[in-house]
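Everything in the sequence shown is counted per my numbering, starting at 16 for the first residue and increasing by one. One structure below.
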Amino acid sequence: MSKILVTGGTGYIGSHTVVELQNAGYTPVVIDNLVNSNAGVLNQIEKITGVKPEAHHFDLCDEPKVTQFVTENPDIAGVIHFAAYKAVGESVQQPLRYYHNNFFSLINLLNAYAGRPVNFVFSSSCTVYGQPDQLPVTEAAPVRKAESPYGNTKQVSEEILSETAAAFSNYNVISLRYFNPVGAHERALIGELPLGVPQNLVPFITQSAIGKRGPITVFGDDYNTPDGSAIRDYIHVVDLAKAHVAAIRLLENGNPNGNFDVFNVGTGRGYSVLEVIAAFEEATGVKLDYQIGPRRAGDVEQVWGDVSKSTKELGWKAELGIAEMMQSAWRWEQYLKDNPLNG
Ligand code: WQD
Numbered sequence: 016m017s018k019i020l021v022t023g024g025t026g027y028i029g030s031h032t033v034v035e036l037q038n039a040g041y042t043p044v045v046i047d048n049l050v051n052s053n054a055g056v057l058n059q060i061e062k063i064t065g066v067k068p069e070a071h072h073f074d075l076c077d078e079p080k081v082t083q084f085v086t087e088n089p090d091i092a093g094v095i096h097f098a099a100y101k102a103v104g105e106s107v108q109q110p111l112r113y114y115h116n117n118f119f120s121l122i123n124l125l126n127a128y129a130g131r132p133v134n135f136v137f138s139s140s141c142t143v144y145g146q147p148d149q150l151p152v153t154e155a156a157p158v159r160k161a162e163s164p165y166g167n168t169k170q171v172s173e174e175i176l177s178e179t180a181a182a183f184s185n186y187n188v189i190s191l192r193y194f195n196p197v198g199a200h201e202r203a204l205i206g207e208l209p210l211g212v213p214q215n216l217v218p219f220i221t222q223s224a225i226g227k228r229g230p231i232t233v234f235g236d237d238y239n240t241p242d243g244s245a246i247r248d249y250i251h252v253v254d255l256a257k258a259h260v261a262a263i264r265l266l267e268n269g270n271p272n273g274n275f276d277v278f279n280v281g282t283g284r285g286y287s288v289l290e291v292i293a294a295f296e297e298a299t300g301v302k303l304d305y306q307i308g309p310r311r312a313g314d315v316e317q318v319w320g321d322v323s324k325s326t327k328e329l330g331w332k333a334e335l336g337i338a339e340m341m342q343s344a345w346r347w348e349q350y351l352k353d354n355p356l357n358g
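The following block contains the structure:
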C-alpha cells in the first residue's frame, strides 16, 4: 500500500493519524525532530497496531536534509504535514521562532517536491475564522486577521499552499481546519503530552482531576452564550485522524474541486466550558473543582463548524461524542500517571 509521509508523526494528532493510516492499510513514514514529543510514542503505536512505523528524526527547517529525504524516497505518495509549533501564548512571546519554524518547514517540504506530483494535507485551524459572523461557520466564511503569530502562521501557510497550487499543478493540496481536538486513543496508549501547565481546557481538566493541578479556572462567564461561558466545537482526536485518511483518499481519487481545497473538521455542535466540565463529571464520575475567572485575552466567544462540506465531499463525519472524548482523555491521564511518557 502507498507510503504516506507524516511530519510531526509522534505528536498528538500525528500519532493518532499514523495509527489510522496503518488501520486503513497505508504505510506511514514519520519525520519528527522530537522537540515537543517523544520517540517512545513509536513503541506505543506498535502496541496498538503491531507495526512500529519507520521514523526519521531531523528538523524540517534543515533544507538539505528535507531535499535528500524526498529524493531518496520517491515512492512516497502523499504528505500529511503536522510538524509545527502550536502554543498560542508562546507564539506571542516568541513570534520569530514561530514564523521561522512553521514557515521554513512548510516551504522546504514544498520546494523538495518541486516538479513531482504530491498529495499534500495541511493542519490548519478554525482559528483562521476568528469570531465568525454566522454560526455554524462554513469554509466560505472570511478569514479574519489572526490574534496571534501562531494563528497567523496557519493563515499565511494556507495562502502559501493555495498560491503554490495555483502556480504548479503537481501540488494537490487539502487544508483541514480543525476545531478543538481532544481525547485519546481508546486503548489509552497514545494521547496528548502537554509540556508544563496545560493551556488547553481538556488537558487542564484531566490534570486537575488527577490532582496534578489545582481547580480549573473558567475563563469568563459573561459571554453572550446561554450559560455565559465560551463555546467551542470539540472533536475527538481519533475522528480527526480519520479525516486525514479521508483527505488522502480524496486526493488519490482526484479532487473534483481542484488542486487546493479546505475542509472544516469538527462535529458541527458546540459545547460551553461549563458544559464540558459537566460532561467530564458525568462521563467519568469524577467531580471537578472549578472557579470563575476573567476572560482570557484573544479568546473568541463562540465557534462551531458547519461540517456539511466534509460530510458530502470528503465522505467523513465525526462518530464519537463528548462522553467518549472525556472518557478517553481521562483514561489517558490515568495511564500517564503510571507510565510517565513525558518524563
Ligand atoms: C477552550 C475554551 C477557553 C483553559 C486553542 C487554539 C487553537 C487550537 C486549539 C492548537 C476557551 C476555555 C481553557 C482553561 C478555560 N490550537 N478555557 N480554562 O483557545 O479554543 O483553541 O487550542 O493547536 O488554534 O487557539 O482551546 O482548549 O485553550 O480553550 O476556561 O484553563 O476553554 O477560554 O473558551 P482554544 P482551549
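Every residue, glycine too, gets a C-beta built ideally from N, C-alpha and C. Remember, it's a predicted structure, so these values are computed and weren't measured experimentally.
Sequence-ordered residues whose beta carbon comes within less than 5 angstroms of a heavy atom of the ligand WQD: Here the residues come out as Lys101, Val103, Ser140, Thr142, Asn215, Leu216, Phe219, Val233, Phe234, Ala245, Arg247, Val288, Arg311 and Asp314.
Given this structure, state the Cα-to-Cα distance separating Ile307 from Ala98, to the nearest angstrom. As a first step, residue 307 must be located in the sequence shown, where it is residue number 292. As a first step, residue 98 must be located in the sequence shown, where it is residue number 83. So the alpha carbons of these two residues sit roughly 34 angstroms apart.
Straight-line CA distance for Gln37 to Glu201? As a first step, residue 37 is located in the sequence shown; it is residue number 22 there, counting from the start. As a first step, residue 201 is located in the sequence shown; it is residue number 186 there, counting from the start. Roughly 16 angstroms between the two C-alpha positions.
Is it right to say Phe183 is buried, meaning 16 or more other beta carbons lie within 10 angstroms of its own, or is it exposed? As a first step, residue 183 must be located in the sequence shown, where it is residue number 168. Of the residues assessed, Phe183 falls on the exposed side of the cut-off, its CB having fewer than 16 other CB atoms within 10 angstroms.
For a quick check, are the C-beta atoms of Phe275 and Ala338 less than 8 angstroms apart? For this step, residue 275 is matched to residue 260 along the sequence shown. For this step, residue 338 is matched to residue 323 along the sequence shown. Taking 8 angstroms as the cut-off, the Cβ atoms of Phe275 and Ala338 do not count as close.
Which of the three DSSP states, helix, strand or coil, is assigned to Gln222? Along the sequence shown, one-based indexing puts residue 222 at 207. The three-state reading of DSSP puts Gln222 in helix, counting H, G and I together.
Give the secondary structure of Gln201 by DSSP, where H, G and I count as helix, E and B as strand, and everything else as coil. Counting from one through the sequence shown, the residue named residue 201 turns up at place 186. Just to set this straight, residue 201 is Glu in the shown sequence, not Gln. DSSP places Glu201 in coil when its eight states are reduced to three.
Residues that Glu69 bridges to, as DSSP identifies them: Position 54 of the sequence shown, counted from the first residue, corresponds to residue 69. In DSSP, Glu69 forms a bridge with Val44.
Bridge partners for Phe278 per DSSP, in chain order? Here residue 278 is taken as the residue at index 263 of the sequence shown, counted from 1. According to DSSP, which records beta bridges pairwise, Phe278 is partnered with Leu191.
Quick check: the Cα distance between Ala224 and Ala298, rounded to an integer number of angstroms? Numbered from its first residue, the sequence shown carries residue 224 at position 209. Numbered from its first residue, the sequence shown carries residue 298 at position 283. Rounded to whole angstroms, Ala224 to Ala298 spans 13 angstroms at the Cα level.
Would you call the CB atoms of Val252 and Pro164 closer than 8 angstroms? Mapped onto the sequence shown, residue 252 falls at position 237. Mapped onto the sequence shown, residue 164 falls at position 149. Pro164 sits away from Val252, with the two beta carbons spaced by 8 angstroms or more.
Residue range of the unbroken alpha helix (DSSP H) whose run includes Val288: Taking the sequence shown and counting its residues from 1, one reaches residue 288 at position 273. Its alpha helix (DSSP H) spans residues Val288 to Thr299.
Among residues of its own chain, excluding the 5 on either side of Tyr350, which ones have a beta-carbon nearer than 6 angstroms to its beta-carbon? Position 335 of the sequence shown, counted from the start, is the residue given in the question as residue 350. Once the five neighbours on either side are set aside, the close Cβ partners of Tyr350 are Ala203.
Based on Cα-Cα distance, which residue from Ser138, Glu334 and Asn268 lies nearest to Ala92? Working through the sequence shown from its first residue, we reach residue 92 at position 77. Measuring from the Cα of Ala92, the nearest candidate turns out to be Asn268.
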